[in-house]
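My numbering applies: residue 24 is where the sequence shown begins, and numbers increase by one. C-beta atoms are modelled at their ideal positions from N, C-alpha and C, and glycine is treated no differently.
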Amino acid sequence: MATYQTDIELPPDPSRVMEGLRDTGYEFNTAVADIIDNSIAANAKHIHINISCTPTNEIYMYLADDGCGMTFDELKNAMTYGSKVRQDPSSLGKFGLGLKTASTAFCRCLSVISRGSNFETNKVQWDIDYVIKTGGWNLRHLEPTDDELEYLYDLIGENTGTLVVWEKIDRLLKKSGTPAMMKKGLGSIEEDLRFHISMVYQRFLDKNDTRARDVEIVLNNVPVTYWDPFCVNEENTEVVGDEKLMIEMGDKEAPLSIKAYLIPRRDEFSTSEAGTKARVTNDMQGFYTYRENRLIHYGDWMKMFINEPHGSLLRVELSFGHELDDAFNVDIKKSRILLNDEIFRYIKDQFLPSPRRAANERYRTGVRKNIEKSHESTHDASNRNISSKASSVENSKLEVINPESGEVRVSNSNGSFVTNKITIKNTENKNACRVNPVPSLDDGTLWRPAIINGEHGVEINMSHPFYQKIYYPIRKQNVLVTGIDSLLWALAEAESSVFNRDTLELFEDLRVLTSRALKKLVMDLPEPTDDE
Numbered sequence: 024m025a026t027y028q029t030d031i032e033l034p035p036d037p038s039r040v041m042e043g044l045r046d047t048g049y050e051f052n053t054a055v056a057d058i059i060d061n062s063i064a065a066n067a068k069h070i071h072i073n074i075s076c077t078p079t080n081e082i083y084m085y086l087a088d089d090g091c092g093m094t095f096d097e098l099k100n101a102m103t104y105g106s107k108v109r110q111d112p113s114s115l116g117k118f119g120l121g122l123k124t125a126s127t128a129f130c131r132c133l134s135v136i137s138r139g140s141n142f143e144t145n146k147v148q149w150d151i152d153y154v155i156k157t158g159g160w161n162l163r164h165l166e167p168t169d170d171e172l173e174y175l176y177d178l179i180g181e182n183t184g185t186l187v188v189w190e191k192i193d194r195l196l197k198k199s200g201t202p203a204m205m206k207k208g209l210g211s212i213e214e215d216l217r218f219h220i221s222m223v224y225q226r227f228l229d230k231n232d233t234r235a236r237d238v239e240i241v242l243n244n245v246p247v248t249y250w251d252p253f254c255v256n257e258e259n260t261e262v263v264g265d266e267k268l269m270i271e272m273g274d275k276e277a278p279l280s281i282k283a284y285l286i287p288r289r290d291e292f293s294t295s296e297a298g299t300k301a302r303v304t305n306d307m308q309g310f311y312t313y314r315e316n317r318l319i320h321y322g323d324w325m326k327m328f329i330n331e332p333h334g335s336l337l338r339v340e341l342s343f344g345h346e347l348d349d350a351f352n353v354d355i356k357k358s359r360i361l362l363n364d365e366i367f368r369y370i371k372d373q374f375l376p377s378p379r380r381a382a383n384e385r386y387r388t389g390v391r392k393n394i395e396k397s398h399e400s401t402h403d404a405s406n407r408n409i410s411s412k413a414s415s416v417e418n419s420k421l422e423v424i425n426p427e428s429g430e431v432r433v434s435n436s437n438g439s440f441v442t443n444k445i446t447i448k449n450t451e452n453k454n455a456c457r458v459n460p461v462p463s464l465d466d467g468t469l470w471r472p473a474i475i476n477g478e479h480g481v482e483i484n485m486s487h488p489f490y491q492k493i494y495y496p497i498r499k500q501n502v503l504v505t506g507i508d509s510l511l512w513a514l515a516e517a518e519s520s521v522f523n524r525d526t527l528e529l530f531e532d533l534r535v536l537t538s539r540a541l542k543k544l545v546m547d548l549p550e551p552t553d554d555e
């Protein structure tokens with residue numbers, strides 16, 4: 024049996040490690056947020072970010088803060104892959120890898136210039152190409168450039184602070200584009216980043232939010248304003264669930280706050296601008312999860328449910344501190360969490376059912392209103408088309424005898440008789456005499472024959488699922504609407520052409536059974552969205 028003799032130190036190849044860690048899956052917005060986390064952890068009150076492109080299509084990013092800064096030894100530790108654990112466990116920086124991995128995911132050269140507690144300014148740099156050339160973990164100690172010192176000192180004056188510089192950015196935009204293309208591309212990147220920052224650091228940016236200290240973040244000389252996913256300042260926003268759970272972690276407990284907000288439909292916002300800003304879309308519903316007041320996950324139901332239109336008005340705030348990191352399995356990018364089974368089941372089965380019902384009802388109310396609002400012009404083409412051909416296809420005569428009692432004389436191939444089973448209706452729009460959508464029909468059917476403005480017509484039930492799921496999404500496609508309208512009008516006309524007293528109820532039953540079948544057949548089709 025082999026006996027233990029000595030330890031063997033096997034340092035990893037630096038270039039392979041650095042190149043490998045470039046592929047950890049960072050998105051640009053997430054990477055920049057990781058750098059901002061370090062600034063907030065350093066108690067910065069102001070953070071300035073500048074992203075620019077030279078005439079030769081070289082992209083640079085500067086991120087400066089007025090935090091506590093770092094001495095030379097602290098700077099070396101910060102640039103170490105797997106740096107020492109922070110003394111403050113609530114720090115937004117968590118694994119000691121974010122600064123390096125987030126930066127090198129997009130740039131090949133990372134510099135950090137910092138003035139710490141001894142008020143000396145130092146610059147260190149990881150240059151991947153230099154590491155490959157020298158073959159060692161060689162962190163460069165350099166003199167800051169005049170541009171770097173100017174950008175940092177403009178923010179901090181004589182105080183402490185830090186500047187992070189990305190150079191050799193090779194994974195953001197292709198350099199082959201024209202200057203105009205690069206400018207446009209950077210403009211789009213800046214817009215996306217601005218929104219991401221406004222959402223992730225909402226509690227820090229909102230001066231009225233007392234849960235986090237105030238931090239100003241300026242991107243390309245324009246301050247970032249906060250974005251509130253819960254629209255708390257809107258009158259029609261409702262809190263439909265609010266609980267604080269105590270989660271056991273070994274022999275200790277830590278709080279988890281859960282709050283469900285039902286945001287307004289677009290037409291319920293105080294202004295159209297507020298409705299647009301709220302981003303009431305399918306991919307913005309679900310959980311908004313905050314660790315130490317910083318958003319780390321949003322826009323889905325964490326595999327409890329799929330995102331569906333009727334859930335688009337429900338947003339749920341989950342807030343916890345660093346004590347629950349293990350319970351939530353926070354990842355290195357602080358962009359993904361996994362609930363443990365007990366918390367998962369409680370939220371899904373106990374907390375969410377009531378808020379989901381409320382969201383579903385508000386959504387459906389909005390869809391119904393939109394459907395009723397849109398019907399006026401939806402069937403204009405159908406009315407014109409049917410009116411132009413009706414005389415050649417009508418095989419019955421419908422004569423109103425007594426409008427008050429609803430008596431109508433029907434004359435068709437089976438004779439003549441009087442009935443009060445055909446609806447008599449007059450509309451304000453005299454041209455809408457063939458197809459008339461109505462909010463509902465007493466028997467729940469999709470359609471029924473009617474006399475509309477003295478003409479043979481058909482009433483169509485807007486509350487029937489077939490109308491909501493088939494008609495409403497295609498309402499702007501005249502050919503399709505005219506085709507379906509013509510079919511229902513033809514069925515109503517065929518009924519009037521052949522029924523008599525003995526078969527009247529049979530035709531009513533046929534409409535009822537057909538409508539029930541259609542209701543089941545469209546059950547699993549997508550719900551119409553509120554903005555279709």
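Item, Value
"Between the segment 528-540 and the segment 463-483, do three or more beta carbon pairs fall short of 8 Å?", "yes"
"Decide if the segment 357-376 is in contact with the segment 410-419; the criterion is three or more beta carbon pairs, one per stretch, under 8 Å apart.", "no"
"In this structure, how does DSSP classify H164 when only helix, strand and coil are distinguished?", "strand"
"What does DSSP give as the partner residue(s) for M84 in the beta ladder?", "I74 and W189"
"In angstroms with no decimal places, state the Cα-to-Cα distance between K117 and N316.", "Any answer about K117 is weak, because its pLDDT of 43 lies below 50 and its placement is not dependable; what the coordinates show is given next. Their backbone Cα atoms lie some 14 Å apart in a straight line."
"Taking the beta carbon of F343 as the centre, do at least 16 other beta carbons fall within 10 Å, making it buried, or is it exposed?", "buried"
"With distances taken between CB atoms, is the gap from H479 to E417 smaller than 7 Å?", "yes"
"In terms of residue numbering, what span does the alpha helix (DSSP H) encompassing L548 cover?", "Where L548 is concerned, there is no enclosing alpha helix (DSSP H), given that its DSSP letter is neither H nor E."
"What did DSSP end up calling N244 once you bin it into helix, strand or coil?", "coil"
"DSSP beta-bridge partners for M41?", "Per DSSP, none; premise fails for M41."
"Assuming the contact rule is C-beta atoms closer than 8 Å, R183 and C254 should be a hit. Round their C-beta distance to whole Å, please.", "The sequence as given places Thr at residue 183; Arg does not occur at that position. Not a contact, Cβ separation roughly 38 Å."
"Identify, in the order they occur along the chain, each residue of the same chain with its Cβ nearer than 7 Å to the Cβ of K191, setting aside the five sequence neighbours on each side.", "C130, R131 and C132"
"Please go through the same chain and pick out, in chain order, the residues whose beta-carbon is closer than 6 Å to the beta-carbon of T144, but skip the five residues on each side of it.", "R138"
"Since L44 and T127 are thought to touch, with beta carbons under 8 Å apart, how far apart are those beta carbons, to the nearest angstrom?", "7 Å"
"Would you mind stating whether D508 and V458 have Cβ atoms separated by less than 7 Å?", "yes"
"Under DSSP, the alpha helix (DSSP H) around F95 begins and ends at which residues?", "F95 to A101"
"Beta-carbon within less than 7 Å of L33's beta-carbon, same chain only, minus the 5 sequence neighbours each way: which residues are those?", "none"
"Check whether the segment 321-338 and the segment 271-280 touch, using three or more Cβ-Cβ pairs below 8 Å as the test.", "no"
"DSSP three-state label for Q148, please.", "strand"
"Could you tell me the distance, in whole angstroms, from the CA atom of E550 to the CA atom of P496?", "9 Å"
"Closest to G506 by CA distance: which of I493, A517 and E42 is it?", "I493"
"According to DSSP, is P287 helix, strand or coil?", "coil"
"Given the structure, does N73 come close to the ligand FAD, in the sense that its CB is under 6 Å from one of the ligand's heavy atoms?", "For the structure depicted, the ligand FAD is absent and the ligand set is empty, with no information on it obtainable."
"Is the Cβ-Cβ distance between H219 and N454 less than 7 Å?", "no"
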